[in-house]
Each structure stands twice: as C-alpha cells, then as structure tokens.
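As they're listed, the protein sequences go chains S and D. Counting along the first sequence from 1, when you hit position 293 you're at 303 in this note's numbering, and nothing is skipped either side. Counting along the second sequence from 1, when you hit position 368 you're at 378 in this note's numbering, and nothing is skipped either side. Beta carbons are placed, not taken as given, at the ideal position from N, Cα and C, and that holds for glycine.
2 protein chains.
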Amino acid sequence: MKPYKEMSKEELVSLKAELEKAFEDAKGKGLKLDMSRGKPTPAQLDMAMDIMDVLNSDSDMKTEAGIDCRNYGLMDGIPEAKQLMGEMMGVPADNVLVYGNASLSIMYDAVSRSMTHGVMGSTPWCKLDKVKFLCPVPGYDRHFKITEHFGIEMINIPMTPTGPDMDLVEKYVQEDAAVKGIWCVPKYSNPQGISYSDETVRRFANLKPAAEDFRIYWDNAYVIHHLYDDKQDEILEILSECEKAGNPDMVFEFCSTSKVSFAGGGIAAMAASKANLEFIKQSMTVQTISYDKINQLRHVRYFKNLDGMLAHMKKHAAIMRPKFEAVLEVLDKELTGLGIGEWTRPLGGYFISFDAMEGCAKAIVAKCKEAGVVLTGAGATFPYGKDPKDSNIRIAPSFPTPEEMAAATDLFVLCVKLVSVEKLLAA
Amino acid sequence: MKPYKEMSKEELVSLKAELEKAFEDAKGKGLKLDMSRGKPTPAQLDMAMDIMDVLNSDSDMKTEAGIDCRNYGLMDGIPEAKQLMGEMMGVPADNVLVYGNASLSIMYDAVSRSMTHGVMGSTPWCKLDKVKFLCPVPGYDRHFKITEHFGIEMINIPMTPTGPDMDLVEKYVQEDAAVKGIWCVPKYSNPQGISYSDETVRRFANLKPAAEDFRIYWDNAYVIHHLYDDKQDEILEILSECEKAGNPDMVFEFCSTSKVSFAGGGIAAMAASKANLEFIKQSMTVQTISYDKINQLRHVRYFKNLDGMLAHMKKHAAIMRPKFEAVLEVLDKELTGLGIGEWTRPLGGYFISFDAMEGCAKAIVAKCKEAGVVLTGAGATFPYGKDPKDSNIRIAPSFPTPEEMAAATDLFVLCVKLVSVEKLLAA
Chain S
11 MKPYKEMSKE ELVSLKAELE KAFEDAKGKG LKLDMSRGKP TPAQLDMAMD IMDVLNSDSD
71 MKTEAGIDCR NYGLMDGIPE AKQLMGEMMG VPADNVLVYG NASLSIMYDA VSRSMTHGVM
131 GSTPWCKLDK VKFLCPVPGY DRHFKITEHF GIEMINIPMT PTGPDMDLVE KYVQEDAAVK
191 GIWCVPKYSN PQGISYSDET VRRFANLKPA AEDFRIYWDN AYVIHHLYDD KQDEILEILS
251 ECEKAGNPDM VFEFCSTSKV SFAGGGIAAM AASKANLEFI KQSMTVQTIS YDKINQLRHV
311 RYFKNLDGML AHMKKHAAIM RPKFEAVLEV LDKELTGLGI GEWTRPLGGY FISFDAMEGC
371 AKAIVAKCKE AGVVLTGAGA TFPYGKDPKD SNIRIAPSFP TPEEMAAATD LFVLCVKLVS
431 VEKLLAA
Chain D
11 MKPYKEMSKE ELVSLKAELE KAFEDAKGKG LKLDMSRGKP TPAQLDMAMD IMDVLNSDSD
71 MKTEAGIDCR NYGLMDGIPE AKQLMGEMMG VPADNVLVYG NASLSIMYDA VSRSMTHGVM
131 GSTPWCKLDK VKFLCPVPGY DRHFKITEHF GIEMINIPMT PTGPDMDLVE KYVQEDAAVK
191 GIWCVPKYSN PQGISYSDET VRRFANLKPA AEDFRIYWDN AYVIHHLYDD KQDEILEILS
251 ECEKAGNPDM VFEFCSTSKV SFAGGGIAAM AASKANLEFI KQSMTVQTIS YDKINQLRHV
311 RYFKNLDGML AHMKKHAAIM RPKFEAVLEV LDKELTGLGI GEWTRPLGGY FISFDAMEGC
371 AKAIVAKCKE AGVVLTGAGA TFPYGKDPKD SNIRIAPSFP TPEEMAAATD LFVLCVKLVS
431 VEKLLAA
C-alpha cells in the first residue's frame, strides 16, 4: 500500500469508508482490553510465589550479622539487602539504602526532602523563587507528576535514539542555576525502550551544573528487564562514571524488585555517594526506625544474588517477549510504509512507544477506547500531560496475553489508519 | 528511713559513704543492661511467628473483593486491612488509610506534606514565618524530632494525671494562629502511661483553633497494649468526639501493629475525616502506587479482627506485666518516703516515668551508665532534648527479662539515692 500522504482525496475518501466499516465491525466484537499500565501479568507473579515459602514460623529471622529482622533497627536496610540491590545496580553495598516496597516513594521523598531541607546543605527549594527539572520526552508520567505536585517547572528535552538530547541538557544544566534535576530512565526507557549510549552516560557524568544541588534522578527501573538472551542493552554504571568525572555527588539512582518479585510487595533501593547518603540519613533517622526488614530478608534468601535475579528474569522474558512480538508483528505488517506512524523495537523494559502523525494521538486513544481497548492517555508521556505534537502513544504489552495483545493491536492499527485518514482529509 | 531532705549534714555524709561503697560493689558486677528503648522482647516476637505461615506459595493472594495483592493498586490499603486497623482505633474503615510498616513515617509524612502543601488547602507551612506545635511533656522523643527537623517551634505543655494541661492547650490553640498542631499519645502515654480522661478528650474535641490548619496529632500507639485483664484504661474515641463537637476535620490519628506483630514488619494506619483523607490522597497518589498489600493481607488473615488482636495482646501482657512489676516493686521498696523521686504506675503501654529531684536526671543516667545500665538519655522526653528541671527519666522495661529488670532497677535506685545525696550536700 502506498503512503497515505501520497493518496488522492478520492482514494482517502474510499479508504475512510472501508476503515469505518472495519471499525464498526471491531466495535461489535466487544473487546475489553487494557494496555494502559506497565503491570506484571499474573503468570509473572506466579513465578515468584516460592518467595512466600522462604520464611515460615520455623525460620531463623536474623541477618547474617545476627540482627533480628522482626524488631526495630537497621534503618537503612539489612546488609545483605544492600548487597543484593547494589549488585542489581552495579554499585557497592555501601552506596545503597534499602527502603520499603516502592522506588516511586523514594523519588518522591528525594524531591520532598529537597523542598524542605535542600540537598547536602543547599537552600531548601521551597525558599527559592523558581526550581526547574529537565524532563526527557516522551517519559514516565509518574516522574512528571512528582515534580508537578511540588510546583517545579518542567522543561521538555527531546529523546534521541541514544538518550536525551545532550546538547540541550548541557546547555540548561550548565547555564541555569534554577535547574535542579533531570528525570532519567537510562535503560529500556519508559516508554521508548531506549538505552543511553556510553557517550550519553559520560556526558551526564561530566556535566558542570550551575546549581550545586543539581542531581541526576537515575531511575534504573528496568536494569535487568531484558526481553532476549542474545540481544541485550547494557549501559555504563553512572555512580562510578560520575566519580571518575569528579562529580561523585551528582546522581541519585533508584531501583526496585516491583517488576522482579511482586509489584505490590517487593523491595526498593536508592544508590548515591556516601556524602549524599549521610545527608539523606539525617532525615531518614527522623522519618522511620526501620523499613520492613522481614521482606528484605525474604527477598535476599530467595534470590541470593544477582545471578538468582537474572535467572528469574529469564522466565519473565519468556512471558513478555511474545507479547512485544505480537504487537510489533501487527504494527510491521499493517503500518510499514504508510507514513502514518513510527514505533520503537525495545530489547527490554515494559513499553513500546508509538508516534502517530501530529495531532492524532488523542483521537486514536479515544477511538480505541470506543471499541474497548484502553491505552495510556495521550499526552501522559509529557509533563503536564501535554504532548505539544499530540503524537506519542505508550503501549504497555505486559498485562494481556499475546493473543489479546494481537487483537488489541489489530484494533489499534485500525484506529491509527482511520484517524490519520480523517486528519489528512481535514487538512 | 526518713526523707533525705530532713536529714542532717552528718547523716547525709555518712549515707553518701555507704551508697558510694554500694555503687562500687555494683560496678564490680559488670552489669550490661539496656532499658533505653521501647523494643519488644524476642519472646513477644516469637508469639507472632505463626503470621509467617499464613501465606505460602499455595495461598490465594487476592482480597475478598478479588484484587491481587501481588500487583499494583489499592493505594490506600486493602479493604480488610482498613477494617482491621479501623477496629483497632474504633473508627469506620472508610476513615482509614493503611500504609507501610511504620506509623512514625506516616506522622513524618503528615508534617512534611503540611510544610509543602498545607492542610486541606491552607498555605504551605514553609511559606509561613512561624509554625508552632504544642508538646505535652514529658513526651515521645521521636515526635519532637519530627517537628524539630522541620524547624517548627515547640512549646512545652505540662502533663497532668488526666492528660495535658488543657487550660494551657486551649489558650495556645485558640489564641495563636501559628499553633498548627499538638503531639498526643492519648492512651498509656509515652513515657508516663497516662490515659486522657473523658473530659480531656472532650476539651480536645471542642477546641476552637485560631488556625484553620490546626490538627491534633493523635498517636494511639498503645491502644490495645494493656498490662492487666481486670484493670484497663479506655479513652473516648476522638474522631467521633470531634465530629460531635462540629470539628470533624481537626484530628489525625495514627496506629500500627509494630508492638502487636513485628516491630520491623507490621502494618501502620492513619484515621481522619473523609475531607482530610481526600486531601491526603492527592499527595498519596503521586507518592506511591501502593504500599505492601501482601503484608496487609498476611496480618488480616492472621488476626482476622479486633478480637484476634486482643487475644494476642493478652499474651504480650503476660510477658510485660512481670517486668513492670519488677521495676515498681524495687522503686516502692527502696524509694517510698525518701522524697527523692516519684514514679508512675501505668496499666499499659511500654514505659514507666520517673521524676527525680530537680537537677538530678542527667547525673543519675550517667551513673547508671557507669555501672552498665543504659537508660534513655535524660532530657529525651522533652523538645530539643532539654528538660528544664533535669528531672524526668524514662524507664523502658520491655526488652530485658524480669530478673534483669529487677537488677537494673536495683542499680537505678542506688544511683538515684547517691545523686540525690550529692545534690543535697551541694545545696
């Protein structure tokens, strides 16, 4: 089929009629599918159920060093959990704090603390006229919600195939002291599945921020979430790169087992320089006596080490891969060459990113919904929910089955075609 | 023995020599005991070990309504956990949010959120020149640390046998719009074990605060932590009292199972009016996708309801009671009539409060430490760690055995006597 833009008006009108009929047929099927959120599917959660047997009433509840996990204490995590989460991030255990069940809470906490207490002695942000964050787009809606919630001005930074546009990042960070942070998902980014190139990571590590309290918010959410055994992205380890560059304190790294063990009951961690951790612990010691060490112990005894986690993630990949491939197969077959959309082919993570023709995303999402397929709201991948081009759509293949994903994507491409034709006819 | 204050100088000098010898003997025993923190003892934790068997790899991980606790969602807690924690506090489940493992974190969060976002639409406290909290004294050091951490000015309110001095509370709350909160442990207070009288609770509920964003921070930490079956304090339920008084939004209540199941792995909750909860959820939805629902499910399936918790707490009482009685027996026997100290006789909670002669608390704690018994630092029960009279000492009997507690208290009374004699001689 030829590109839509090269079609005559008559061809488009005739195509539109055809697509409308197909859409009515599709609506009649009564689909009810949700590809809106990056939720693990029950089969993935089932794989981790042996974790529930690790501790029972006969278990020794002490850490290797003899600390009773049932009682108060060890505010910043049990040593073996620091070790495990450190291995996951590729950093020493000494640079790790282990928290409760959600890395999102740690990120919120990091921003909230900066608002009220500054960063390692800097002026609390709530005392400043203006605080800004850089937001690589498309990106993760929940990151943007945190900064929006605290009234932080967000600046869009376009993503490229190697990571955020680093010329722009350098310009903002190095020239504007109001820029205090940047949200990054450096590996298998949300939603594009892009992994930052070595050059990108090194340019991050070598930033010379105008603000002493600028930090890179490095959300390594998909650090071991590969789809393939033989094709895997790896990125440079940011803490050591920052240290090499003479910027040891410039990064906060976050990760969790939410998409390894249980999305509702995993463990989460943060990594940073010791100077950062010392400052953070001044608040932490006021905030809690300890996080749930029993769940930390459960995870450590189950996974043992990074190899244990990687072996587990291979099982996840076997579930996720067919779903991604089902989506890509339909997109490739139905949309290649039409010039009405582009999409990513991630090797890991939880999402496929789709860019429709400008001004079409909202209409496509609405059309899909009309026929029973729920997508992430158009615009959600941008700060303030506003995609300036109304183009980006995030596809989350994890929850439905491969068959459901194929059916949902069939409908999706139909909606893309129909909305694109309407757009071209209206132009 | 006659009161020390009625002794002649000669009598005191001779007594001092005798006590010094006894102290040297005691030092020689090489005691090593800690009665500094309100930590459950391993025997209490052992009693809850069956909780570890409640969920295993064969378990149905869904709530009664069919929500999978292993996955994302139900940000504010599973319904049955709201029900359980609501029963514990005596409030409807609809007024409850269930969080992670620590009520202290919920309190920190409540103050932190007020700093950055105000309370139900009020000006964020970080934008105000001055924010003040009332602090009934002696009180809980970790409460005071939270307000100190946020630069909130703390005002001491003396405790009476029926609760805080309500004349003073009313005066401050009703006249000063900078007063935004008061820290309360209304039942078996920390450290005195005092329970607020009905009149006190009603006067709280009927406050007419100058500040619209004034809240009572009602830390019901020891709500079911009785020592006796036949002698128990009960207090009025504050949410309904506030509602009756036309102040439905004036209270935040906190509780947890830290001293019911596991101090390091329980569940914690907050109760408030629906208007408060709606406002809090605006932040919560940014802060997390959900807390650990698996641990919520574990607790609900184990305890089932309030009766299950109360039955469990009877077992705790059987362990705690002899420790409290061991302390009181020594205090009664050794110090009655000497006029050098007063102490409380709580019917529940985790502490006994001791008031030494003015200017003696620090010296007593130091003496005890010299001979191997660690007490909570003198002053800790007051804001900024400053006891104006240097008189109050918190005794935490929970962790050591009854025999150890008796030995520790023997040393304690010896130190009280010695320091008191020295004080009187120096006067």
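Check the Cβ-Cβ distances between residue i and every residue of chain S, and say whether any is below 9 Å.
i: D:Asp-78; result: yes
i: D:His-326; result: no
i: D:Ser-132; result: no
i: D:Gly-191; result: no
Which one or two residues does DSSP pair with residue i in a beta bridge?
i: S:Asp-78; result: S:Lys-72
i: D:Thr-170; result: D:Gly-173
i: S:Trp-353; result: S:Phe-364
i: D:Asp-229; result: D:Phe-264
i: S:His-2; result: Summary: the structure shown does not reach residue 2 of chain S, with chain S confined to residues 11 through 437, and so no result is reported for it.
i: S:Gly-191; result: S:Phe-143 and S:Arg-225
i: S:Met-164; result: S:Phe-143
i: S:Met-280; result: S:Leu-107 and S:Phe-264
With a threshold of 9 Å between beta-carbons, can residue i be considered close to chain D, or not?
i: S:Lys-137; result: yes
i: S:Asn-402; result: no
i: S:His-309; result: no
i: S:Met-125; result: yes
For the candidate residues the options, whose alpha-carbon lies nearest to that of residue i?
i: D:Leu-43; options: D:Ile-248, D:Ile-405, D:Pro-146 and D:Gly-149; result: D:Ile-405
i: S:Val-337; options: S:Phe-361, S:Lys-325 and S:Tyr-82; result: S:Phe-361
i: D:Ala-6; options: D:Pro-89, D:Gly-38, D:Ala-36 and D:Trp-193; result: Residue 6 of chain D cannot be examined here, being either before or after the span of chain D that is shown, 11 to 437.
i: D:Pro-168; options: D:Glu-288, D:Leu-345 and D:Ile-204; result: D:Ile-204
i: S:Ile-290; options: S:Trp-228, S:Arg-355, S:Val-189 and S:Val-129; result: S:Val-129
i: D:Ala-165; options: D:Cys-145, D:Ala-36 and D:Leu-320; result: As written in the sequence, residue 165 of chain D is Ile, which differs from the Ala given in the question. Nearest of D:Cys-145, D:Ala-36 and D:Leu-320 to D:Ile-165, Cα basis: D:Cys-145.
i: D:Ala-231; options: D:Ile-299, D:Glu-158, D:Glu-251 and D:His-153; result: D:His-153
i: S:Pro-410; options: S:Ala-53, S:Glu-21 and S:Glu-20; result: S:Ala-53
i: D:Asp-86; options: D:Ala-221, D:Ala-103 and D:Ile-248; result: D:Ala-103
i: S:Thr-267; options: S:Asn-305, S:Phe-214 and S:Asp-239; result: S:Asn-305
i: D:Ser-67; options: D:Arg-80, D:Gly-76 and D:Met-57; result: D:Arg-80
i: D:Asp-240; options: D:Arg-331, D:Glu-288 and D:Lys-372; result: D:Arg-331
i: D:Pro-441; options: S:Pro-148, S:His-159, S:Ser-113 and S:Tyr-82; result: Past the boundaries of the shown model lies residue 441 of chain D; chain D is included only from 11 to 437, so the question cannot be answered.
i: D:Pro-407; options: D:Asn-200, D:Phe-392, D:Ala-436 and D:Asp-397; result: D:Asn-200
i: D:Asp-259; options: D:Pro-219, D:Ile-245 and D:Glu-74; result: D:Pro-219
Locate the alpha helix (DSSP H) running through residue i, then write down its first and last residues.
i: S:Tyr-118; result: 113–127
i: D:Gly-318; result: 316–345
i: S:Cys-425; result: 412–436
i: D:Val-211; result: 208–215
i: S:Leu-249; result: 248–254
i: D:Met-95; result: 89–99
i: S:Leu-25; result: 19–38
i: D:Ser-44; result: Rather than Ser, the amino acid found at residue 44 of chain D in this sequence is Asp. Per DSSP, D:Asp-44 belongs to no alpha helix (DSSP H); it is in the beta strand (DSSP E), 43–45.
i: D:Met-62; result: 61–64
Ends of the beta strand (DSSP E) at residue i?
i: D:Ser-266; result: 261–266
i: S:Asn-402; result: 402–405
i: S:Pro-146; result: 142–147
i: D:Leu-385; result: 383–385
Which residues of chain B have a Cβ atom closer than 8 Å to the Cβ of residue i, listed in chain order?
i: D:Gly-275; result: Absent here is chain B; the protein component of the structure consists of chains S and D.
Quick one: which residues of the stretch 283–304 of chain S get their C-beta closer than 9 Å to a C-beta of chain D? List them in chain order.
Taking 9 Å as the Cβ-Cβ cut-off against chain D, the residues of the stretch 283–304 of chain S that qualify are Gln-292, Ser-293, Thr-295, Val-296, Gln-297, Thr-298, Ile-299, Ser-300, Tyr-301, Asp-302, Lys-303 and Ile-304.
Closer than 9 Å, Cβ to any Cβ of chain S: which residues of the stretch 147–171 of chain D, in chain order?
Within the stretch 147–171 of chain D, the residues whose Cβ lies closer than 9 Å to some Cβ of chain S are Arg-152, Lys-155, Ile-156, Glu-158, His-159, Phe-160 and Gly-161, listed in chain order.
Taking a Cβ distance cut-off of 9 Å, strictly less, list which residues of the stretch 250–273 of chain D are near chain S, in chain order.
Within the stretch 250–273 of chain D, contact with chain S at the beta-carbon level (separation under 9 Å) is assigned to Ser-268, Ser-271, Phe-272 and Ala-273.
Taking a cut of 7 Å between CB atoms, which residues from the stretch 52–79 of chain S lie near chain D?
Taking 7 Å as the Cβ-Cβ cut-off against chain D, the residues of the stretch 52–79 of chain S that qualify are Pro-52, Leu-55, Met-59, Asp-60, Met-62, Asp-63, Leu-65, Asn-66, Ser-67, Ser-69, Asp-78 and Cys-79.
Residues from the stretch 80–108 of chain D in contact with chain S, defined by Cβ distance under 9 Å:
Under the 9 Å Cβ criterion, the stretch 80–108 of chain D contributes Arg-80, Asn-81, Tyr-82, Gly-83 and Leu-84.
Select from the stretch 28–54 of chain S all residues with a C-beta closer than 8 Å to any C-beta belonging to chain D, and list them in chain order.
Flagged, chain order: Arg-47, Lys-49, Pro-50 and Pro-52.
Residues in the stretch 108–121 of chain D with C-beta within 7 Å of chain S's C-beta atoms, listed in sequence order?
For the stretch 108–121 of chain D, the set of positions with a beta-carbon nearer than 7 Å to some beta-carbon of chain S reads Gly-110, Asn-111, Ala-112, Leu-114, Ser-115 and Tyr-118 in chain order.
Short of 8 Å Cβ to Cβ, which residues in the stretch 330–355 of chain D face chain S?
The stretch 330–355 of chain D vs chain S, Cβ under 8 Å: nothing.
Residues within the stretch 376–397 of chain S neighbouring chain D, beta-carbon criterion of under 9 Å
Contact annotation: in the stretch 376–397 of chain S, no residue has its CB less than 9 Å from a CB in chain D.
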